[in-house]
Amino acid sequence: MAEKVQKYRCTICGAIVIPNPDGSCPVCGAPKEALVPVDDDGNDIEQ
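For the sequence shown, position 22 (counting from the first letter as 1) is numbered 562 according to the numbering used here, and the numbering increases by one without interruption.
1) Which whole-angstrom value is the C-beta distance of residue 556 and residue 545, which I expect to be below 8 Å?
2) For residue 576 and residue 551, I'd like the C-alpha separation in whole angstroms.
3) Sorted by chain position, which residues of the same chain lie with C-beta nearer than 6 Å to residue 566's C-beta, five sequence neighbours on each side aside?
4) Under 7 Å Cβ to Cβ from residue 554, same chain only, skipping five residues before and after it: list those, please.
5) Please return the same chain residues whose Cβ sits closer than 7 Å to the Cβ of residue 574, not counting the five positions on each side in sequence.
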């Protein structure tokens with residue numbers, strides 16, 4: 541069974557993404573601090 545990949549929502553551009561290896565947004569380049577984890581439906585996961 542494949543490992544589940546955590547997706548994130550960029551708080552800068554709003555895209556739902558799998559971050560770049562350095563943790564940044566692959567759409568707008570925002571730093572990893574701008575990314576919040578989301579569930580499979582795109583809802584923010586409380587931390």
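Even glycine gets a Cβ: it sits at the ideal position worked out from N, Cα and C.
Per the coordinate set shown:
1) So it is not a contact: roughly 12 Å between Cβ atoms.
2) 7 Å
3) 557, 560
4) none
5) 550, 551, 552, 565
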